[in-house]
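So the sequence lines, in the order shown, correspond to chains A and B. Note that the working numbering has the first sequence beginning at 23, numbered continuously upward. Note that the working numbering has the second sequence beginning at 19, numbered continuously upward.
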Amino acid sequence: MLALDVQNVNKKFDRFQLKNVSFQLEKGYIMGFIGANGAGKTTTIKSILNMTRLDSGDVRILGKRMADHELELKQAIGCAFGDVDFYTRSKISKLTEVIKTFYKNWDDETYYAYLKRFKLDENKKIAELSTGMKVKYNLAVALSHGAKLLVLDEPTSGLDPVARDDLLDIFQSLVAGGEISILFSTHITSDLEKCADFITYIDNGQIIDSADKEEFKASYRLLNGKESELDQVRSKLISYRVNSFGFTGLIRAKDFDPDSGIRSALPSLEEIMVYYAKKEEAHV
Amino acid sequence: MYNLLLKDFKLGVNPWFLAMPVLTGALMLVPGWIYFLVLLYFCWITIPNVFASFRSQNDLLFTSMMPVTRKDMVKARMLVIVGLELLHVAFAVIFGAINRLLYPDFVYYFFAPTLGFLGLCLVMLAIFNVVFFPIYYKTAYKHGNAAIASISAAMLFAAVTQWAGIASADVSRVINDTGTGHLAWQTSVLVAGIAIFAALTILAYRMAIRQFQKVEL
């Protein structure tokens, strides 16, 4: 069953546009939503949550259209925007007291169990929490109202490596039961190397690819060749850079002939992102 | 709806603003003052502060993440503000009655705290509402322009009406009569004030919803 099904979403702004954004997330998996700053990650997430009016397209969550069942589905969604704080001068206990009135399936027992697990002190104010603790608080709230889909916008941004690692472990333990699915956007690709099952890559408002992580990486090759070999592949390269040793460039695996003699390797997610960004620069 | 009201009163509206109606209402005890100012303090102090607090705490995004409709978001917020307005009016009425007891023979140059004046106050707040909410809900967070326009409109109404009360002996006689001589007229002004307040506030609500449906959060 699909936890999230985004189909041909289009949304035009003055200087930016989401173009035919489509991807699917299977129930019980983690999908990393990657792209450079300004690529359209947050706009896509806001479109999923019906915060932005779509020009066209369809978003289905747990099999139901978001546009028709927004209230019902929001009961089953937990979301967090990593860089936005709410009511920071309020204590956790006070904020929770308000939030829980919005959810039919709120479970105090689960909530306190997560507070304990995440070592959150109810008497602390939101402003007193570290960035990582704020994300954990959001997770505790989402899980206490029985959220089946967690939509998290840059939850790991601003966290130190230890806190990030801790959070990624939590994500993996949450999906282990097969009931909860997570879509999280990030530009920190190492997070995804560690815990994502699927990758959706957005660039300039368009989905470049959405696939199983290994399959995604395997669909590209990073080439390392002499400058004299560049002409053989130049037209097929997504982008490349030339240095005193030759050139390095990214190419789709299907466009690369392994018998060409050019050295190739599997790129990391970061390298894929960087070379796509270079392609954009070249077009500007 | 209850959850949205609870949110605003527990997190958004500082309890100080629930005490403000008593403090500003007590200004009705100043003999012979321009009593329109008592309710204008609500527009000058409470409105900018409450909406600045909602904005600085990212209330719009916070509320949008909750399972609530946009219509209910507008309805709850307007109930909170209109509730505060009526609380200000209620305390102004209480202190206005005390004023009449304290100074039974006072000759009022500006409007006296009478039923007729109360009707005019409600019209002033109705004008504030019908200008403020539709402009505010064009963004649902920028309150500056909405406040300037609505407060200017309310003050203009107060100034023109008060000027009419000074310039016209008839208006002054009807509104400032602290006896029972013009009770029927005053009651009519009050009833008209209540009707205009209700009608313009409902109109403001409908216009605000229409604006808010178009907002990209």
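Idealized CB from N, CA, C, for every residue including glycine.
Host alpha helix (DSSP H) of residue i (start-end)
i, result
"A/Ser15", "One cannot answer for residue 15 of chain A here, as it falls past the ends of chain A, which runs 23 to 306."
"B/Leu24", "Tyr20 to Lys25"
"A/Asn246", "Where A/Asn246 is concerned, there is no enclosing alpha helix (DSSP H), although the beta strand (DSSP E) it sits in stretches over Tyr242 to Gly247."
"B/Ala217", "Leu201 to Gln231"
"A/Asp175", "Note, A/Asp175: premise wrong, no alpha helix (DSSP H); beta strand (DSSP E) at Leu171 to Asp175."
"A/Ile121", "Ile114 to Ile121"
"A/Tyr134", "Asp130 to Arg139"
"B/Gly137", "Leu133 to Tyr154"
"B/Ile52", "Per DSSP, B/Ile52 belongs to no alpha helix (DSSP H) and is neither H nor E."
"A/Thr222", "Careful: A/Thr222 lies outside any alpha helix (DSSP H), inside the beta strand (DSSP E) at Phe220 to Asp225."
"A/Val157", "Thr153 to Ser166"
"B/Gly43", "Trp34 to Gly43"
Residues that residue i contacts on chain A, provided the C-beta gap is smaller than 9 Å
i, result
"B/Thr87", "Glu92 and Leu93"
"B/Phe72", "Simply none; closest approach about 10 Å."
"B/Gln75", "Asp107, Phe108, Tyr109, Thr110, Arg111 and Ser112"
"B/Ala79", "Correcting the residue type first, residue 79 of chain B is Leu in the shown sequence and not Ala. Simply Met73, Phe103, Val106 and Phe108."
The beta strand (DSSP E) enclosing residue i, as first and last residue numbers
i, result
"A/Asn265", "Leu259 to Asn265"
"A/Arg37", "No beta strand (DSSP E) holds A/Arg37; DSSP gives it neither H nor E."
"B/Cys61", "First-last for B/Cys61: undefined, no H or E at that position."
"A/Ala102", "Ile99 to Phe103"
"A/Leu272", "Gly268 to Arg274"
"A/Gln3", "Since the first residue of chain A shown is 23 and the last is 306, residue 3 of chain A is not available in this structure."
"B/Thr179", "Premise fails: B/Thr179 lies in the alpha helix (DSSP H), Gly162 to Ala185, not in any beta strand (DSSP E)."
"B/Leu104", "Run containing B/Leu104: none in the beta strand (DSSP E); it sits in the alpha helix (DSSP H), Arg88 to Leu120."
"A/Ala287", "Arg285 to Ala287"
"A/Phe3", "Nothing in the structure corresponds to residue 3 of chain A, since chain A is present only between 23 and 306."
"A/Leu205", "Ser203 to Thr208"
"A/Gly79", "Ser78 to Ile83"
Closest Cα partner of residue i within the set the options
i, options, result
"B/Phe175", "B/Arg95, B/Thr198, B/Asp188 and B/Leu140", "B/Leu140"
"B/Leu79", "A/Ile70, A/Ala89, A/Asp107 and A/Glu131", "A/Asp107"
"B/Lys156", "B/Leu24, B/Leu235 and B/Ala110", "B/Leu235"
"B/Leu104", "B/Val56, B/Ser71 and B/Met83", "B/Val56"
"A/Ser207", "A/Ala58, A/Asn32 and A/Ala25", "A/Ala58"
"B/Val233", "B/Asn163, B/Tyr20, B/Val92 and B/Tyr53", "B/Val92"
"B/Lys25", "B/Ala44, B/Leu97 and B/Pro49", "B/Leu97"
"A/Tyr134", "A/Lys147, A/Glu119 and A/Lys126", "A/Glu119"
"B/Phe69", "B/Asn194, B/Ile153, B/Asp188 and B/Gly162", "B/Gly162"
"A/Ser44", "A/Ala233, A/Ile99 and A/Lys138", "A/Ala233"
"A/Ser195", "A/Phe140, A/Ile99 and A/Asp77", "A/Phe140"
"A/Asp27", "A/Phe124, A/Glu144 and A/Ile204", "A/Ile204"
"B/Ile63", "B/Ile99, B/Trp51 and B/Gln75", "B/Ile99"
"B/Phe146", "B/Val192, B/Thr196, B/Tyr59 and B/Asn32", "B/Tyr59"
"B/Ala165", "B/Leu45, B/Ile65, B/Ile112 and B/Leu36", "B/Ile65"
"A/Phe55", "A/Glu131, A/Met295 and A/Lys276", "A/Met295"
"A/Gln29", "A/Phe38, A/Met73 and A/Asp77", "A/Asp77"
"A/Leu95", "A/Arg186, A/Lys86, A/Glu292 and A/Ile224", "A/Lys86"
"B/Arg192", "B/Asn32, B/Tyr126 and B/Arg228", "Note that residue 192 of chain B is Val in the sequence shown, not Arg. Looking at the Cα atoms, B/Tyr126 is the closest of the given residues."
Chain B contact residues for residue i, given Cβ-Cβ distances below 7 Å
i, result
"A/Val120", "Leu24, Lys25, Lys28 and Leu29"
Contacts of residue i in chain A (Cβ-Cβ under 8 Å)
i, result
"B/Asn21", "Val120, Thr123 and Phe124"
"B/Met84", "Lys96, Ile121 and Phe124"
"B/Leu36", "None at all; the shortest Cβ gap to chain A is about 17 Å."
Whether residue i touches residue j by CB criterion (8 Å)
i, j, result
"A/Val173", "A/Ile67", "yes"
"A/Phe278", "A/Arg243", "yes"
"A/Leu84", "A/Leu161", "no"
"A/Ala61", "A/Leu47", "no"
"A/Gly247", "A/Ile284", "yes"
"A/Val197", "A/Ile52", "yes"
"B/Leu47", "B/Asn117", "yes"
"A/Lys216", "A/Leu190", "yes"
"A/Lys34", "A/Thr65", "no"
"B/Phe109", "B/Tyr53", "no"
"B/Leu138", "B/Gln204", "no"
"B/Leu218", "B/Val107", "no"
"B/Cys61", "B/Ala226", "no"
"A/Leu245", "A/Thr270", "yes"
"A/Glu292", "A/Thr211", "yes"
"B/Val86", "A/Phe103", "no"
Contact list for residue i against chain A, beta-carbon separation under 7 Å
i, result
"B/Leu97", "Going along chain A, no residue has its Cβ under 7 Å from B/Leu97, so there is no contact; the nearest lies around 16 Å."
Contacts that residue i makes with chain B (C-beta to C-beta distance below 9 Å)
i, result
"A/Phe45", "Residues of chain B passing the Cβ test: none, with the nearest at roughly 22 Å."
"A/Lys116", "Lys28 and Leu29"
Chain B contact residues for residue i, given Cβ-Cβ distances below 8 Å
i, result
"A/Phe238", "None at all; the shortest Cβ gap to chain B is about 30 Å."
"A/Leu206", "Checking the sequence shown, residue 206 of chain A turns out to be Phe, not Leu. Within chain B, no residue comes near A/Phe206; the closest Cβ sits about 16 Å away, beyond 8 Å."
Task: Contacting positions in the region 61–83 of chain A - beta carbon closer than 8 Å to chain B - done: Lys68, Leu71, Met73, Thr74 and Arg75
Task: Proximal residues, the region 219–234 of chain B versus chain A, C-beta separation under 7 Å - done: Glu234
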